[in-house]
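Read in my numbering, the sequence shown has 934 at position 319, and its numbers run on one by one without any break.
Heads up, the beta-carbon is just placed ideally off N, CA and C, and yes, glycines get one too.
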Amino acid sequence: MGERVDDQPGTTGDRRTTRRSFLIVSGTALATAAVGAVTGLTVNAVTGGALFREPSVQSDAEPTLAKLSGTDDDAAGELIDFLKSAGRAATIDGQYFIDSPIIVPDTLRHLTLAAGSALKVRGDHSGIARSGAIKLREKTKGAMKEGASSFTATDPGLYTADEWLLLSGANTVKNSKDKYGYLRRVTSIDGRTINIDRPLPRTINKGPRTSAVTLSPSLEIDGAGEVFNVDPKNAKKSLVTLFAVENPVVSGIEVHSNGGIGVTVAHCHGGHIDCTVRDLLDDGENYFGYAVNISGSSRDVVVNGFMTRVRHAVTTNAGGLIQGVGNAGEPEDCTFAPTARDCSNKAVDTHRLGWGITMIPNVIGGNGAVQVRADNVSVVGGSVSGVTVSGITVSADVVVPARITGVNISDVTQGTGIRARGPAEITDCLISDTPGTAVELASGSSIDGLEIRNGGSIGVRVLGNNNSVAGVRAGSATTTVVQLAPGKKGNSVVPNQGVPFLFAPLK
């Protein structure tokens, strides 16, 4: 558990536009284009058509809202009515207290919070919410097998091509009580065979069922305004909640001061979170301030943005209770690449649920940088600096190995550069200015390329069985490059040719 971070609530009045906030806003278009290049999406797909949007309706042009701005009166009802009548685009320009969530209607595709504007959440509820729907359809008789791109329906007449489904059951991920499930599009129907757009990563054979997913239309939330709770110690609901939404985008705005999550993305298809989230309470007992929570069966979501003084800059989770379905869903094929500063726990994180997550860390300070608890995770490139505990931790719960490639880790002040308690494949990483052990391996891991600069006396500790170590280069401060625990089996160590390589048993 991370150490408690003192509460640092944001201001509720006018804010000066800082250089950083200006850069965040002005760089949004470039970041969006970059995400499109990385993921293969068009700019129009990433933005939900935002580049071809209609003119925005201004809230300060509405007499009732203009009078409410800056007062202590509840403006939630008037804001909801305003958004319902705004058409496809609206701008909130003012400072409003809200005593209930601002439910964004499906007709609205673009919501801007203008510079200096604020939604001041009063009570334990979301500030902004957009929701689709998930409804149980049928229980199927046959198993949905790992690797399958189809399943057998009980009543094929219930299905149509191009609809979205949640495929789930009572199966849980190993070493967890969480039930997995996957968001899939029906591509075609052949008799009782329902073909889907992507193979299943895990078998569903305990009470397999399908649920119809009605994705709310794409929504972009942008601007330079803020959403925050006025009483964080008594508020745990997510400030921005996106449930079953097609390609949601949140950029530019500042989400802060809460006793719970900043932005929740649950059971969504695609999307890009590129805002600032800061100052969320975390004591590891009553408050768990996740900046961005990718949950349920969300897939293909990209997380960038700037996150500071939170528990995790981004993490994964099972998602909330769905009537008739339960808690089911495993985030899948998402990319986590936030800029994280001074997080109270591991900055870039997964819980046990998660499949095919790619992490690109940019972490400075805080109580750890990367924590992998999900299966089939890739940590690719990026940098970690000035953290305590560890640069990268792979949990012992992991079954499918994590891949850690090309990460630059420096100045881990009180711990280990990479701690592989579970299986990991470590390739071409650099660990520097870290006085503790550079890498610790439990069992079933490998190193193929590692450079240690200005490290501690021990480079790599091999604590378990069936590990392989090759291509390790270390500076003169590291007097024992690889240290093996006695009595272990199946370990292979290959000295790097032409480089001083010392070997000593673990005492």
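Can you tell me the Cα-Cα spacing of residue i and residue j, whole angstroms?
i     : j     : result
L1056 : K821  : 35 Å
Y774  : L698  : 33 Å
H966  : N1069 : 33 Å
G867  : A730  : 10 Å
R1018 : S998  : 15 Å
A776  : S765  : 13 Å
N932  : D793  : 9 Å
S1048 : P716  : Looking at the sequence itself, residue 1048 is Asp, so the reference to Ser does not match. Each residue's alpha carbon lies about 48 Å from the other.
V1014 : T1008 : 14 Å
E1040 : V864  : 33 Å
G899  : V929  : 16 Å
T802  : K789  : 30 Å
T829  : R813  : 18 Å
T706  : Q673  : 5 Å
L734  : I804  : 46 Å
I819  : F712  : 46 Å
V1109 : A744  : 55 Å
G944  : A1092 : 47 Å
So residue i and residue j are in contact, right, with Cβ under 8 Å, and what is the actual spacing, rounded?
i     : j     : result
L728  : G840  : 3 Å
R1088 : I1067 : 7 Å
T808  : T767  : 6 Å
V917  : V907  : With 8 Å as the limit, V917 and V907 do not qualify as a contact, their Cβ atoms being about 11 Å apart.
D948  : G971  : 4 Å
L854  : G692  : Between G692 and L854 the Cβ distance is about 19 Å, and since that is not below 8 Å, they are no contact.
D721  : P832  : 5 Å
V880  : I909  : 5 Å
L781  : V940  : 7 Å
S993  : M974  : 7 Å
D915  : H884  : 7 Å
G1064 : G1086 : 4 Å
G1126 : K852  : Any property of residue 1126 remains undetermined from this structure, which presents the chain solely from 616 to 1122.
G1079 : S1107 : So it is not a contact: roughly 13 Å between Cβ atoms.
V963  : V978  : 7 Å
L815  : A763  : 5 Å
D1012 : R988  : 6 Å
Under a Cβ-count criterion, where at least 16 other Cβ atoms within 10 Å of its own Cβ denotes burial, should residue i be classed as buried or exposed?
i     : result
K961  : buried
S700  : exposed
T1028 : exposed
L936  : exposed
N919  : buried
Q986  : buried
Q938  : exposed
S913  : buried
T1095 : buried
T686  : exposed
G911  : buried
S1072 : exposed
D990  : buried
G772  : exposed
P678  : exposed
A690  : buried
G1102 : exposed
P823  : buried
query: Taking three-plus beta-carbon pairs below 8 Å as touching, is the segment 827-845 in contact with the segment 736-743?
result: yes
message: Runs of 3 residues minimum, wholly inside the segment 718-752: which ones carry the beta strand (DSSP E) assignment?
response: 725-728, 733-736 and 743-746
- request: Note down, one range per segment and in chain order, each beta strand (DSSP E) of at least 3 residues found wholly within the segment 873-906.
  value: Those beta strand (DSSP E) runs which fall completely within the segment 873-906 and span 3+ residues are 878-881 and 887-895.
task: Go through the segment 774-833 residue by residue and report every complete run of the alpha helix (DSSP H) that reaches 4 residues or more, in order.
output: none
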